[in-house]
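Under the UniProt record's numbering, the first residue of the sequence shown is numbered 1, with each subsequent residue one higher. Where is the CB? At the ideal position from N, CA and C, for every residue including glycine. None of the values given here were measured: they were computed from a predicted structure. Below: one structure, written as structure tokens.
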Amino acid sequence: MRKEGKNVINSISFHRTGHNYLWTPHWPLLYLDNHIVAVYKPSGLTVQGASTSEASLLRLVKLWIKIRFQKPGNVYAGLVHRLDKPVAGVCIFAKTSKAAARLSAQFRERMISKEYIAVVEGIPARRSGSLKDHIRWNEKLERAEVVSKEEGKEAILEYEVIDTHKGMALLRIIPVTGRRHQIRVQLAARGLTIAGDRLYGSTRNFPTGAVALYARKITFIHPTRREPISIEGPEPEGWPWPPKQGDKKSSAHPVPWLWRDLRKYIPAERILTKTLRSAFPS
Numbered sequence: 001m002r003k004e005g006k007n008v009i010n011s012i013s014f015h016r017t018g019h020n021y022l023w024t025p026h027w028p029l030l031y032l033d034n035h036i037v038a039v040y041k042p043s044g045l046t047v048q049g050a051s052t053s054e055a056s057l058l059r060l061v062k063l064w065i066k067i068r069f070q071k072p073g074n075v076y077a078g079l080v081h082r083l084d085k086p087v088a089g090v091c092i093f094a095k096t097s098k099a100a101a102r103l104s105a106q107f108r109e110r111m112i113s114k115e116y117i118a119v120v121e122g123i124p125a126r127r128s129g130s131l132k133d134h135i136r137w138n139e140k141l142e143r144a145e146v147v148s149k150e151e152g153k154e155a156i157l158e159y160e161v162i163d164t165h166k167g168m169a170l171l172r173i174i175p176v177t178g179r180r181h182q183i184r185v186q187l188a189a190r191g192l193t194i195a196g197d198r199l200y201g202s203t204r205n206f207p208t209g210a211v212a213l214y215a216r217k218i219t220f221i222h223p224t225r226r227e228p229i230s231i232e233g234p235e236p237e238g239w240p241w242p243p244k245q246g247d248k249k250s251s252a253h254p255v256p257w258l259w260r261d262l263r264k265y266i267p268a269e270r271i272l273t274k275t276l277r278s279a280f281p282s
């Protein structure tokens, strides 16, 4: 993992310790200081749950802050961006309301750069390029669709082919705009559906509905130090792309790609649910 900034957690490990096997989430922690925390989100875990009993990344981050810093009562973790449930990757949270406001402003003003990798069905005609469409969200179908300029909002992304294998390609993707499902629908519109993304026509079916799209890196201006910071996530264990011969794992402690495999390192659902309700009553 390559990162810029201070107080970076360089080791990722797995622990189940403490009272009632409370979650000690050293496994997803990528960056931490007094203003922000960055964690790894596995595929299959929502960023923000719909109910108080549902495990979500936001609630687990709050629980970790509560336990790690022994904070009484409720704790603050500002949600400034989201990743789709089937998508894995780096996710940042604000630890103060001031940091949340400043980071949210950066997202609105397109000052934040995000880099993804994706496994797609098919190989692009060009090794690199830019895709430009107009898309809109279909509420009835709960998916995005490419439409005319008059009907939708502009969506732009840049891509580069990293590798190819058996009629598939591994892409590096940088979205210029931040539309909902933008990467997924723009690639699918060109016959390059992301592997596992059955909503947009993939023929592959990964466990728990995972799609082979990974938010690998995020770069932004630190909300208080006013300097660039870049946080990069580890290569997930189980990521559906064959390693090149001679390649070494990017981490001594790789994190699982899927939430179903990662959740065994935290308490059973019954204990977790009880802990969440106790820590964050609604």
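**Message:** I need the straight-line Cα distance from Gly191 to Lys66, nearest angstrom please.
**Reply:** Near 46 Å, if we compare the C-alpha coordinates of Lys66 and Gly191.
**Prompt:** Of all the beta strand (DSSP E) runs that stay within the bounds of the region 97-182, which reach a length of 3 or more residues?
**Reply:** 113-121, 128-138, 143-147, 153-165 and 168-175
**Message:** Determine whether the beta carbon atoms of Trp241 and Trp257 lie at a separation below 7 Å.
**Reply:** no
**Request:** Locate the alpha helix (DSSP H) running through Ile65, then write down its first and last residues.
**Result:** Leu57 to Arg68
**Message:** With a threshold of 8 Å on Cβ separation, who are the neighbours of Ser128 within its own chain once the five nearest residues in sequence on each side are excluded?
**Reply:** Glu158, Tyr159, Glu160 and Val161
**Request:** Using three-state DSSP, classify Thr208 as helix, strand or coil.
**Result:** helix
**Prompt:** Is it buried or exposed for Glu227, if we count other Cβ within 10 angstroms and need 16 for buried?
**Reply:** So Glu227 ends up on the exposed side.
**Item:** Cα-Cα separation between Ser104 and Ser202, rounded to whole angstroms
**Value:** 33 Å
**Item:** Nearest residue (CA-CA) to Ala77, options Leu57, Val87 and Leu83
**Value:** Ranking the options by Cα distance to Ala77, first place goes to Leu57.
**Message:** For Arg260, report the span of its alpha helix (DSSP H) as first-last.
**Reply:** Per DSSP, Arg260 is one residue of the alpha helix (DSSP H) stretching across Trp259 to Leu262.
**Asked** Does DSSP classify Pro243 as helix, strand or coil?
**Response** coil
**Request:** Output the distance between the C-alpha atoms of Glu142 and Thr208, rounded to the nearest integer angstrom.
**Result:** 18 Å
**Asked** What separation, rounded to the nearest whole angstrom, lies between the Cα atoms of Gly178 and Ile156?
**Response** 8 Å
**Asked** Buried or exposed: Met111, going by 16 or more other Cβ atoms within 10 Å of its Cβ?
**Response** exposed
**Request:** Quick one: measure Cβ to Cβ for Ala212 and Gly233, integer angstroms, because I've assumed they're closer than 8 Å.
**Result:** Not quite, the Cβ-Cβ distance comes to about 15 Å (not below 8 Å), so this is no contact.
**Request:** Would you kindly report the start and end of the unbroken beta strand (DSSP E) that includes Pro228?
**Result:** Pro228 to Glu232
**Request:** Check the DSSP bridge columns for Thr219 and list the partner residues they point to.
**Result:** Ser113 and Ser230
**Prompt:** Quick one: what's Ala94 bridged to in DSSP?
**Reply:** Ile36 and Gly78
**Item:** Spatially closest choice to Tyr40 from Ala50, Lys71, Arg68 and Val87, by CA coordinates
**Value:** Distance check between Tyr40 and each of Ala50, Lys71, Arg68 and Val87 places Val87 closest, using alpha-carbon atoms only.
**Prompt:** Can you tell me the Cα-Cα spacing of Trp23 and Tyr265, whole angstroms?
**Reply:** For Trp23, the predicted model reports a pLDDT of 42, less than 50, meaning its position is unreliable; a value from the coordinates is still stated below. Their backbone Cα atoms lie some 8 Å apart in a straight line.
**Request:** Could you check how far apart the C-beta atoms of Glu121 and Thr193 are, in whole angstroms? I think they sit under 8 Å.
**Result:** 5 Å
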